[in-house]
Amino acid sequence: MPRLNIVQAVNQGLRQEMDRNPAVIVLGEDVGLDGGVFRVTEGLLARFGEDRVIDTPLSESGIVGIAIGMAAYGLVPVAEIQFMGFLYGAMEQLISHASRIRTRSRGRYHCPLVVRTPYGAGIHAPEHHSESTEAMLVHTPGLKVVVPASPYEAKGLLISAIRDPDPVIFLEPSRIYRAIKEEVPEKEYSIPLGVARRVREGEDLTLISWGAMLQPMVAAANHAATEGISAEVIDLRTLSPIDSESILVSVRKTGRVVIVHEAPRTGGLGGEVAALIAERALDYLEAPIVRVTGFDTAVPLPKMENYYLPNKERVLQAIHHVMEV
Amino acid sequence: MPRKPIKQFSVEWLQILDEQGQPDRPLLPALSPKEIQSLYEWMVLARVFDEKALALQREGRLGTYAPVRGQEATQVGSAHALGPADWVFPAFREMGVGIVRGIPMRMLFQYWSGDERGSEIPLHQHYFPTSIPVGTHIPHAVGAAWAAKLRKDPVVVAVYFGDGATSKGDFHEAMNMAGVFHLPVVFICQNNQWAISMPARRQTAAPTLAQKAIAYGFTGIQVDGNDIFAVYKVAKEAVEKARAGDGPTFIECLTYRMADHTTADDASRYRTEEMLKPWIAKDPIKRLRKFMDIESLWTSSYGEQVRTEAERRVAESVKEFEAQPPPDPADMFRYTYYELTPPLKEQMDDLLNFLKDREPKKE
Ligand SMILES: Cc1ncc(C[n+]2csc(CCOP(=O)(O)OP(=O)(O)O)c2C)c(N)n1
Ligand SMILES: [Mg+2]
Chain A
11 MPRLNIVQAV NQGLRQEMDR NPAVIVLGED VGLDGGVFRV TEGLLARFGE DRVIDTPLSE
71 SGIVGIAIGM AAYGLVPVAE IQFMGFLYGA MEQLISHASR IRTRSRGRYH CPLVVRTPYG
131 AGIHAPEHHS ESTEAMLVHT PGLKVVVPAS PYEAKGLLIS AIRDPDPVIF LEPSRIYRAI
191 KEEVPEKEYS IPLGVARRVR EGEDLTLISW GAMLQPMVAA ANHAATEGIS AEVIDLRTLS
251 PIDSESILVS VRKTGRVVIV HEAPRTGGLG GEVAALIAER ALDYLEAPIV RVTGFDTAVP
311 LPKMENYYLP NKERVLQAIH HVMEV
Chain B
18 MPRKPIKQFS VEWLQILDEQ GQPDRPLLPA LSPKEIQSLY EWMVLARVFD EKALALQREG
78 RLGTYAPVRG QEATQVGSAH ALGPADWVFP AFREMGVGIV RGIPMRMLFQ YWSGDERGSE
138 IPLHQHYFPT SIPVGTHIPH AVGAAWAAKL RKDPVVVAVY FGDGATSKGD FHEAMNMAGV
198 FHLPVVFICQ NNQWAISMPA RRQTAAPTLA QKAIAYGFTG IQVDGNDIFA VYKVAKEAVE
258 KARAGDGPTF IECLTYRMAD HTTADDASRY RTEEMLKPWI AKDPIKRLRK FMDIESLWTS
318 SYGEQVRTEA ERRVAESVKE FEAQPPPDPA DMFRYTYYEL TPPLKEQMDD LLNFLKDREP
378 KKE
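Chains A and B are the protein sequences, given in the same order.
First residue of the first sequence? That's 11 in the working numbering, and the numbers climb one at a time after it.
First residue of the second sequence? That's 18 in the working numbering, and the numbers climb one at a time after it.
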């Protein structure tokens, strides 16, 4: 089986869905000739032509708004926003329209679009290229939010996102775009949305995260294992709708929880996960739930981003903390 | 009743120096030989800075960098037209403007190295920090101009952006308000003909960007952005008009991005050497030099001296930049609010304790 990185896996997923369904089109800034600034759409223009791979003007609200109209009319647009930090210009289109077309038309119209965008810090980029504000999207009823954490996951989840009848925001972890290679089947396959993944089985505590933070979290879990601590690791994969059951099953088993995200702490999705556990598994808890997160600040420029980002050591500190209680 | 035109519009183009540096004399702006030399010297300084930044980036001493090359006349010429108390709202490629406005080059290097302290612009310099989300700073300039007007400050605001920015809603909203409220703003659009891989014709079906101003009720003009005299003259007129209370102007400076979009880009993926070639001949610095030669303001020893002095100043700034101590992690928290809020204080203490635990222990 070929070993691909996330960029290649997403590219393959896009190509196969476009082959399979002529309604699928790609649009965004620099997605055609340039193949996208991360090269995720490389080769698609040559294969599918200008009608299906559209280099747009620099216009995020336009890209998403137009994708909504296209989707309502019967196409399946996959829009690329160059970085999550530039999605904000399109928030009105997402919050006021994409998420509500179905509701507003009482189910007559739907909006099967996908917005792909790279998110997250750790790529030594200028301001606004390191955002992780997924909670804003999760807080918008009507949107689905998906974050793959590996190449295999990326392809399978993207295919499901494209086939999903509702708008899906697909957040690609730019920090690990090329960092991991793994076997990705050439044939098409899908991973259902709304189902979390157990990455590592364990008995003593549950570690929960998504996207690029899986890496430091798994590293911390592996280190903890050498100290005799058995950590279960859960990758949420879909942030909305969240897979409560998988979280609760694990927490009822381990009784201890650490949640990791690089997004700012206050109002981050970690709070939602913690609330879910407190509501439905409080009796099983043997220690307070601990969050390891980014800070309530703007993501700093590259010289300081390593202070901002949760890392293996900070996760390990949290593991020790919940294990000591 | 027959149909008849009720409004007709035209858009002006201005070029004063042709490619050979030959001037259209009656159009020449009133600049002393000394001022002309200083314009040349600023352009060379901006070019040398740019080359150094690219070299530092290649060596891993700077982060991603967005080169200015080709846009020196647009930047230096327009910045020179502003008064000392006027305000500049830059996008992200305006290092040439910054240098003319007296932003220490040390800080420009620092900013592009990914160090926030590069944005601590001295208060007496009326220069807003870099704005990366394309076009989104244009309304801020309009707001500042409005505030200046309400406060009766005789201040003009210049806002810089690219051709790509004209596709953003913020651009249109800002232009509209500036027109409706007759504000002292000069919109300086550097049409370098590219927005990463997208040629300007992909941003608009209109034959000029300048004409966009017409729809908002004020003047738009297109100038040869590689002709520093044309840029200066039009900018000067726009600044004076704004200061006199006669409202905004939109200036489209037709120039060319001679380098990659940024150091993270590879322009050879979407444009050929053939496309670039004519613009090498139109290089703005060469053009002014040719004019100065014609006017006997140029000798080769002067040229060498300008270059050497620019290199010396840039090298000095690199030294200052590299002598900065590493940033303090507490800085990350200090500027979020006026006062550190309790949650932030807690988070800062957590981080500082975490880092302290990891410092190598002193015996
Ligand atoms: C809102 C937004 N979308 C996308 C980007 C990514 N991006 C950075 S510069 C750029 C092109 C800008 O073109 P233009 O306005 O012509 O300025 P130039 O780069 O030519 O100076 C793009 C798409 C961004 N910074 N902001
Ligand atoms: Mg441009």
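Note that beta-carbon positions come from the ideal geometry of N, C-alpha and C, so glycine has one too.
Note that the structure is predicted; figures quoted are calculated from it, not measured.
Practice task
Quickly, what does DSSP pair K154(A) with across the bridge? List them, please.
Solution key: V178(A)
Handout entry: Boundaries of the alpha helix (DSSP H) in which E291(B) is found, first to last residue
Key = Its alpha helix (DSSP H) spans residues 290-298.
Problem - S254(A) vs L286(A) beta-carbon contact at 8 Å - result: yes
Handout entry: Beta-ladder partner(s) of V105(B), from DSSP
Key = Y144(B), A175(B)
Handout entry: Residues of the segment 82-103 of chain A with Cβ closer than 8 Å to any Cβ of chain B, in chain order
Key = G95, F96, Y98, G99
Practice task
Kindly examine ligand 1 and report whether one of its heavy atoms sits closer than 7 Å to the Cβ of E137(A).
Solution key: no
Problem - Classification of T150(A) by the beta-carbon crowding that lies within 10 angstroms, buried from 16 upward - result: buried
Exercise for the section: Say whether chain C places a C-beta atom closer than 8 Å to the C-beta of D241(B). Expected result: Going by chain labels, chain C is absent from the structure shown, which instead holds the protein chains A and B.
Exercise for the section: Tell whether a beta-carbon distance below 8 Å holds between F106(B) and V174(B). Expected result: yes
Handout entry: Proximity of V159(B) and M112(B) at Cβ, strictly below 8 Å
Key = no
Exercise for the section: From the DSSP output, read off the bridge partner residues of I268(B). Expected result: For I268(B), DSSP records a beta bridge to I205(B), I238(B).
Problem - Below-8 Å beta-carbon distance, F305(A) vs any chain B residue - result: yes
Practice task
Anything in chain B within Cβ reach of T276(A), meaning under 7 Å, just list it in chain order.
Solution key: For T276(A), the chain B residues whose Cβ falls inside 7 Å of its Cβ are P360, in order along the chain.
Exercise for the section: Would you list the residues sitting across from M215(B) in a DSSP beta bridge? Expected result: Paired residue(s): A212(B).
Exercise for the section: Mark S115(A) as exposed unless 16 or more other C-beta atoms lie within 10 angstroms of its C-beta, in which case mark it buried. Expected result: Around the beta carbon of S115(A), fewer than 16 other beta carbons lie within 10 angstroms, which makes this residue exposed.
Problem - Contacting positions in the segment 255-287 of chain B - beta carbon closer than 8 Å to chain A - result: If the cut-off is 8 Å between Cβ atoms, the segment 255-287 of chain B has A281, D282, R286, Y287 near chain A.
Practice task
Kindly examine ligand 1 and report whether one of its heavy atoms sits closer than 7 Å to the Cβ of L68(A).
Solution key: yes
Practice task
May I have the straight-line CA-CA distance separating R286(B) from D40(A), to the nearest angstrom?
Solution key: 11 Å
Practice task
Answer yes or no: does any C-beta atom of chain B fall closer than 8 Å to that of L217(A)?
Solution key: no
Exercise for the section: Could you have a look at A261(B) and say whether DSSP puts it in helix, strand or coil? Expected result: coil
Handout entry: Own chain, CB closer than 6 Å to A328(A), minus 5 neighbours either side, in chain order
Key = Closer than 6 Å at the Cβ level, and outside the excluded window around A328(A), lie V268, V300, V302.
Exercise for the section: List the endpoints of the continuous beta strand (DSSP E) containing A89(A). Expected result: Note, A89(A): beta strand (DSSP E), 86-90.
Handout entry: DSSP state of D253(A) mapped onto helix, strand, coil
Key = coil
Practice task
Inspect the beta-carbon positions of V309(A) and P226(A) and report whether they are closer than 8 Å.
Solution key: no
Practice task
Would you identify the three-state DSSP class for T81(B), choosing helix, strand or coil?
Solution key: It is coil, neither helix nor strand.
Problem - Length of the line joining the Cα atoms of A217(B) and W211(B) - result: 6 Å
Problem - Candidates E27(A), V155(A), V50(A), of which the one nearest G86(A) by Cα - result: A quick correction: the sequence has Val, not Gly, at residue 86(A). That would be E27(A), whose Cα lies nearest to the Cα of V86(A).
Problem - Boundaries (first-last residue) of the beta strand (DSSP E) holding I35(A) - result: 34-38
Practice task
Compute the beta-carbon to beta-carbon distance between L37(A) and A89(A), rounded to the nearest angstrom, for a pair I have assumed lies under 8 Å.
Solution key: 5 Å
Problem - Beta-carbon neighbours of Q220(B), restricted to chain A and to distances below 7 Å - result: P67, L68
Exercise for the section: Would you list, in chain order, the members of the segment 34-53 of chain A that have their beta-carbon closer than 9 Å to a beta-carbon of chain B? Expected result: Of all residues in the segment 34-53 of chain A, E39, D40, G42, L43, D44, G45, V47 have a Cβ within less than 9 Å of some Cβ in chain B.
Exercise for the section: Tell me, to the nearest whole angstrom, how far the beta carbon of G95(A) is from that of E141(A); I am working on the premise that it is less than 8 Å. Expected result: 4 Å
Problem - 8 Å Cβ cutoff met for G182(B) and L203(A) - result: Position check: residue 182(B) holds Ala in this sequence, whereas Gly was assumed. The answer is no: Cβ separation not under 8 Å.
Exercise for the section: Say whether chain A places a C-beta atom closer than 8 Å to the C-beta of K185(B). Expected result: yes
Exercise for the section: Report yes if the CB atom of T127(A) is closer than 8 Å to the CB atom of L168(A), and no otherwise. Expected result: no
Exercise for the section: Examine ligand 2 and report whether any of its heavy atoms sits within less than 7 Å of the Cβ of A223(B). Expected result: Exclusion of A223(B) from the 7 Å shell around ligand 2 follows from its C-beta lying no nearer than that to any non-hydrogen atom of the ligand.
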